[in-house]
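A short write-up of the structure that comes next.
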Amino acid sequence: TDNSEKYQTELPLTEKITDQETKKKVGQELFKAILDTIAIETISADFLINNQWIYRPFDNCESYLKFQTNGKGISYNCEMEEDYEMTYKIEHNKVVVSEYDIPHVDNEERKKIKFREDTYIYNGNSLILVNAKMYNMANIEWTPDIEIAVTYDRKKY
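Just so you know, we're using the working numbering here: the sequence shown kicks off at 98 and counts up by one.
Quick look at the structure:
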């Protein structure tokens with residue numbers, strides 16, 4: 098029998114050269130890259146109200162934004178399985194959505210706060226997230242490290 102297979106030389110794994118790796122864009126850097134590549138279409142409150150806006154972070158999970166005529170609406174997050182009150186306004190063809198909730202941590206008075214403010218643009222088919230701010234009980238603001246383009250696709254009624 099031939100035992101030559103047992104004595105084959107193993108080659109060491111070579112390390113990746115880090116200069117060739119591309120840095121993943123997150124947060125404000127990602128939002129700027131998105132804005133640099135998308136044409137912003139005109140949007141109106143009537144258009145927002147007369148359509149459903151759906152985001153699917155993964156299979157069998159459907160989040161949505163429901164806009165009402167009074168500048169208010171509902172934001173549903175399928176990952177948290179929670180509805181949130183929201184308000185919205187249109188500024189220079191950007192839709193600014195503020196979400197409100199009653200945090201369970203450090204909130205003995207059960208105070209409702211604005212915990213998130215997101216800005217979307219419309220590209221002719223979807224609402225695309227181009228800015229996000231989070232807030233805590235002390236109203237301290239920060240930008241979350243969002244790593245993917247978040248798009249709410251339009252579904253006609």
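Glycine is no exception: its CB is placed at the ideal position from the N, C-alpha and C atoms.
- Straight through space, the alpha carbons of GLU244 and ASN204 are spaced by roughly 30 Å.
- Secondary-structure assignment with DSSP links LEU226 through a beta bridge to TYR217.
- Comparing C-alpha distances from PHE212 to each of ASN147, VAL192, GLU182 shows the shortest one belongs to GLU182.
- According to DSSP, residue pairing for VAL247 in a beta bridge does not occur.
- Looking from the CA of ILE218, the closest CA among LYS186, GLN165, PRO200, GLU196 belongs to LYS186.
- Residue pairing of THR240 in beta bridges, as defined by DSSP: absent, with no partner found.
- DSSP, read as helix, strand or coil, puts GLU188 in strand.
- If the five residues before and after GLY170 are omitted, its C-beta is found closer than 7 Å to the C-beta atoms of LEU162, LYS163, PHE164, MET183, TYR185, all from its own chain and listed in chain order.
- Take LYS121, set aside five residues on each side of it, and the residues of its chain with a beta-carbon closer than 7 Å to its own are GLU244, in chain order.
- Residue pairing by DSSP places LYS211 opposite TYR197 in a beta bridge.
- SER223 is the residue among THR134, ALA235, GLU196, SER223 whose C-alpha sits nearest the C-alpha of ARG153.
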